[in-house]
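Chains as they are written, first to last, in the numbering used here: chain A, 2 to 226; chain B, 8 to 223; chain C, 1042 to 1288.
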Amino acid sequence: MNYHFDWTPIWAARGLIVEGLLMTIAVSAVSLAFSTVIGLVVGGAATAGSRAVRGLALLFTEMMRNIPLLIHMYIWYMALAFLRLPAFSCAVLGLSLYSGAYVAEVVRAGIGAVGRGQMQSALATGLTRFQAMRYIVYPQALRMIAPSLASLFSQLIKDSSLASVIAVGELTYQAGAIDGQTFRTFEVYITISLIYLVLVTAASQLVLLIPGSRSDLAAGRFADA
Amino acid sequence: MPDVIVKNLPFLLHGLTLTLDLSVWSIMLGTLLGLVVGTVRFVRLPLLNTLALVYVEFIRGTPLLVVLFITYFALPALLGYRTTGYRAAIFGFVLFIGAYLAEDFRSGLRAVRPTLIQAGLATGLTRWQVLRLIILPQAIRRVLPSLFNQYVRLIKFTSVASVIGVTELTGAGLLVNAREFHPVTILAAIAIVYLVVCSALSLAGRALYAHFAVRT
Amino acid sequence: MSDEPIILIRDLHKSYGATPVLRGCSLSVRRGEVVVVCGPSGSGKSTLIKCINGLERYQSGSIRLEGIEVGAKGTNLPKLRARVGMVFQHFELYPHMSVTDNIALAQVHVLKRTRVAAQERAHELLARVGLEDKADAMPADLSGGQQQRVAIARALALDPQAILFDEPTSALDPEMIHEVLQVMTELATDGMTMVVVTHEMGFARRVADRIVFMDTGEIVEDAPSEEFFSAPKTKRAADFLSKILEH
């Protein structure tokens, strides 16, 4: 092995690394918010009374999940280029729709697990379906998906690396830039790997912030989207 | 079928076969790796367990794209060898899926009831015999759905190989688009192909599971 | 009946961490004897018999199985376990194999019999427990009582010198308990050495040679069956009997 290790150029480029890190967190956090909303809506729709609505929800989920994330991003960036969306938005849209479909699955299962009995007893006390969902079913379902949100966040952080392909200046993109400048290929990629590792671990520990969630669930991984 | 697709059909079909090729090889080798590593983690062999742990945790915390950059750029630079996009892609995919499958296998192994293991031991089987004849068959049946999930995921992930220059389906489509400028048609077509392949595999997985499920 | 005990336990101590589970238990079982171990939950009965075939480790004391020290460092446990069968509370049939294969497995891999010979023996044993028509069934297709009888056949497949039973009927619905106890009674009549942890006092009275009563990790009383039931020597045993016979 004739490779000479030299980590100093990496340290010198730390400004770019920090920029990339912040962009990664930005992309992931915004996508997390959108995915959760999409997931709650579609997941709720997937348990609706109307078969048409359920069918639509299922169609949405199947389509969004089975199309690779990279294709999602390319679609917004290239196919829908007439919309002139900045790369950041394309990345977020792609990520949110893709991950939102996975959240929808978890929400659907969570609502299902709450049990028809809960809905029936709520209706029996005179609540409307909407009220029953809002006060009885959703809160219970949310408690079940809360642990998954932490691993969803971790997963989004990893998936955000694909945004580099459509020129979003997140961590992986910056790594390529630093490699181009310094030719310290091994050092730069190992460094960002370790940074991702720290980010992902931190994100999955965030579940401990949610009151009432169990720490053993922090180790669970989200459907590995 | 739209003209641009028809004109470039052979090239795109070749891309599809490359996608399937990458998938099949990565799935086979990755499953083997995952089984070995998962078993090592379950049995807790002294030194190997730590190595396995480091491997699994490192890969699971790293984005696939970065893993591919490591196998395509970083490792060749470090060890001074040359590699093609295809080989780096297979290497990266096998490492990637191997780590996730290892965890799936490990949790499947741990889910086997201790008293069932005792029953096997009580008949005079050695620990390795019990592992091979009783624990593994059950664990594998139990994790079949997760395995299929990972396989479908991998097929989607082969699209990332396009970034390191492999002309599988996505890569081929992008090249065609670069020449023809019909992103809507081309991307739609590619998306549909992935949809069909992945949905089909998911369905196959569900059917397989229903057939092999262990009723306990 | 030979004079040398087939199982000889002396002053056995076992703890889970800081909690003592067996406190100085001593027991000997002669060839052909049927010993029933009874007592309240948590008395250590299951732990005791799982120590006999080395499924549980012990901290001090001695267990000699056919003269071999179970807990000694060099002891070949698999080989020892092939000499003693065990039947578990939850049957523990291998769910991914047919009934015949369940019974044949250890014969092939431990005794190195051929598959054909093993399957033949399996069919013989299935006939003995009254289940010859279930040879190709999967465990999930059988009732609890049937599964437990298959488990007994599985234990018999290695021609053991003794069989240990860990609450064999506790997980069964009442109407199936009889069929299992019947098989066990036949085994006893045929001269099998048996150590049975159970709450089935009727069975104990009819079949057991000796009753061993355990409480909080100790063997409180160890007496021939008739003596135990008619005149228990200790108060704890008497209390236990009155509670359980009322039921």
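Positions of the beta carbon are idealized from the N, C-alpha and C atoms, including for glycine.
Using 8 angstroms for Cβ pairs, my map puts residue i next to residue j. What's the rounded Cβ distance?
i, j, result
"leucine 96 of chain A", "serine 32 of chain A", "4 angstroms"
"alanine 96 of chain B", "isoleucine 72 of chain A", "That pair is no contact at about 17 angstroms."
"glycine 41 of chain B", "alanine 109 of chain B", "4 angstroms"
"threonine 48 of chain A", "valine 104 of chain A", "Not really, about 14 angstroms apart at Cβ, beyond 8 angstroms."
"isoleucine 158 of chain A", "valine 201 of chain A", "6 angstroms"
"alanine 1181 of chain C", "threonine 1141 of chain C", "At roughly 15 angstroms, the Cβ-Cβ gap does not stay under 8 angstroms, so alanine 1181 of chain C and threonine 1141 of chain C are not in contact."
"serine 161 of chain A", "threonine 62 of chain A", "21 angstroms between Cβ atoms; not a contact."
"aspartate 1214 of chain C", "glycine 1185 of chain C", "6 angstroms"
"isoleucine 1252 of chain C", "serine 1266 of chain C", "6 angstroms"
"phenylalanine 155 of chain B", "leucine 208 of chain B", "7 angstroms"
Tell me whether the beta-carbon of residue i lies closer than 8 angstroms to the beta-carbon of residue j.
i, j, result
"phenylalanine 71 of chain B", "valine 167 of chain B", "Here residue 71 of chain B is leucine; the residue named in the question, phenylalanine, does not match the sequence. Cβ atoms of leucine 71 of chain B and valine 167 of chain B: closer than 8 angstroms."
"lysine 1153 of chain C", "tyrosine 1099 of chain C", "no"
"tyrosine 4 of chain A", "glycine 68 of chain B", "no"
"methionine 79 of chain A", "alanine 164 of chain A", "no"
"alanine 88 of chain A", "alanine 178 of chain A", "no"
"threonine 1234 of chain C", "valine 1070 of chain C", "yes"
"leucine 1205 of chain C", "methionine 1127 of chain C", "yes"
"methionine 245 of chain A", "leucine 98 of chain A", "This structure does not reach residue 245 of chain A, given that chain A is present from 2 up to 226, and the question cannot be answered."
"asparagine 67 of chain A", "leucine 202 of chain B", "yes"
"phenylalanine 1129 of chain C", "alanine 1229 of chain C", "no"
"glycine 1258 of chain C", "proline 1061 of chain C", "yes"
"isoleucine 191 of chain A", "alanine 146 of chain B", "no"
"isoleucine 171 of chain B", "glycine 105 of chain B", "no"
"valine 1075 of chain C", "valine 1248 of chain C", "yes"
"alanine 179 of chain B", "phenylalanine 18 of chain B", "yes"
"glutamine 1202 of chain C", "leucine 1134 of chain C", "no"
"valine 200 of chain B", "leucine 23 of chain B", "yes"
For residue i, which residues from the same chain have a beta carbon less than 7 angstroms from its beta carbon, with the 5 sequence-adjacent residues on both sides left out?
i, result
"threonine 1210 of chain C", "Ile1218, Val1221, Leu1222, Thr1239, Glu1241"
"glutamate 1227 of chain C", "none"
"proline 9 of chain B", "Thr192"
"threonine 177 of chain B", "Ser166, Ser169, Ile197"
"phenylalanine 103 of chain B", "Ile66, Leu71, Val74"
"arginine 185 of chain A", "Asp7, Pro10, Ile11"
"leucine 1199 of chain C", "Ala1123, Gly1126, Ala1147, Gln1148, Val1151, Leu1152"
"serine 205 of chain A", "Ala151, Ser152, Ser155, Ala219"
"alanine 1196 of chain C", "Gly1126, Met1127, Val1128, Ile1204"
"cysteine 91 of chain A", "Met74, Trp77, Tyr78, Ile167"
Near residue i, which residues of its chain fall below 6 angstroms by C-beta distance, leaving aside the five closest residues on each side in sequence?
i, result
"glycine 236 of chain B", "Past the boundaries of the shown model lies residue 236 of chain B; chain B is included only from 8 to 223, so the question cannot be answered."
"isoleucine 137 of chain A", "Gln119, Ala123"
"threonine 1275 of chain C", "Val1261, Glu1262"
"glycine 99 of chain B", "Val74, Leu75, Thr78"
"lysine 1091 of chain C", "Glu1097"
"glycine 44 of chain A", "Ala105, Val108, Arg109"
Within 10 angstroms of the Cβ of residue i, are there 16 or more other Cβ atoms? Answer buried if so, exposed if not.
i, result
"phenylalanine 188 of chain B", "exposed"
"tyrosine 158 of chain B", "buried"
"alanine 176 of chain A", "buried"
"alanine 59 of chain B", "buried"
"tryptophan 135 of chain B", "exposed"
"phenylalanine 49 of chain B", "buried"
"alanine 224 of chain A", "Caution applies to alanine 224 of chain A, whose pLDDT of 40 falls short of 50 and renders its modelled position unreliable; the value that the coordinates give is listed next. When all chains shown are included, alanine 224 of chain A counts as buried."
"glutamate 171 of chain A", "buried"
"valine 150 of chain B", "buried"
"asparagine 1117 of chain C", "exposed"
"tyrosine 88 of chain B", "exposed"
"glycine 1080 of chain C", "buried"
"lysine 1086 of chain C", "buried"
"arginine 130 of chain A", "exposed"
"alanine 102 of chain A", "buried"
Who are the Cβ neighbours of residue i in its own chain at under 8 angstroms, not counting the five residues just before and after it?
i, result
"leucine 55 of chain B", "Val47"
"glycine 1108 of chain C", "Glu1045"
"leucine 70 of chain A", "Gly95, Leu96, Tyr99, Asp160, Leu163"
Just the chain F side, please: which residues come within less than 7 angstroms of residue i by C-beta, in chain order?
i, result
"isoleucine 72 of chain A", "In the structure shown, chain F cannot be found, because the protein chains are A, B and C."
Residues of the segment 121-132 of chain B with Cβ closer than 7 angstroms to any Cβ of chain C, in chain order: Thr122, Leu123, Gln125, Ala126, Leu128, Ala129, Thr130, Gly131, Leu132
Select from the segment 1216-1244 of chain C all residues with a C-beta closer than 8 angstroms to any C-beta belonging to chain B, and list them in chain order. none
Please identify, using Cβ separations under 9 angstroms, the residues of the segment 152-180 of chain A that lie next to chain B, in order along the chain. Ser155, Ile158, Lys159, Asp160, Ser161, Ser162, Leu163, Ser165, Val166, Leu172, Thr173, Ala176, Gly177, Asp180
Cβ-based contacts, 7 angstroms cut-off: residues of the segment 25-48 of chain B near chain A: none
Looking at chain B, which residues of the segment 35-68 of chain A have a Cβ within less than 9 angstroms of any of its Cβ atoms? Glu63, Met64, Arg66, Asn67, Ile68
When Cβ atoms are compared, which residues of the segment 139-156 of chain B fall closer than 8 angstroms to chain C? Leu140, Ile141, Pro144, Gln145, Arg148
By the 7 angstroms beta-carbon criterion, what residues does the segment 1128-1140 of chain C contribute toward chain B? Phe1129, His1131, Glu1133, Tyr1135, Pro1136, His1137
The segment 187-203 of chain A: positions lying closer than 9 angstroms to chain B by Cβ: Phe187, Glu188, Val189, Tyr190, Ile191, Ile193, Ser194, Leu195, Tyr197, Leu198, Val199, Leu200, Val201, Thr202
Could you run through the segment 1107-1122 of chain C and flag, in chain order, every residue whose CB is less than 7 angstroms away from some CB of chain B? Pro1119, Lys1120, Arg1122
Taking Cβ-Cβ distances below 9 angstroms as the criterion, which residues of the segment 80-101 of chain A are in contact with chain B? Ala80, Leu81, Ala82
What residues in the segment 1142-1153 of chain C have a beta carbon less than 7 angstroms from any beta carbon of chain B? Leu1146, Ala1147, His1150, Val1151
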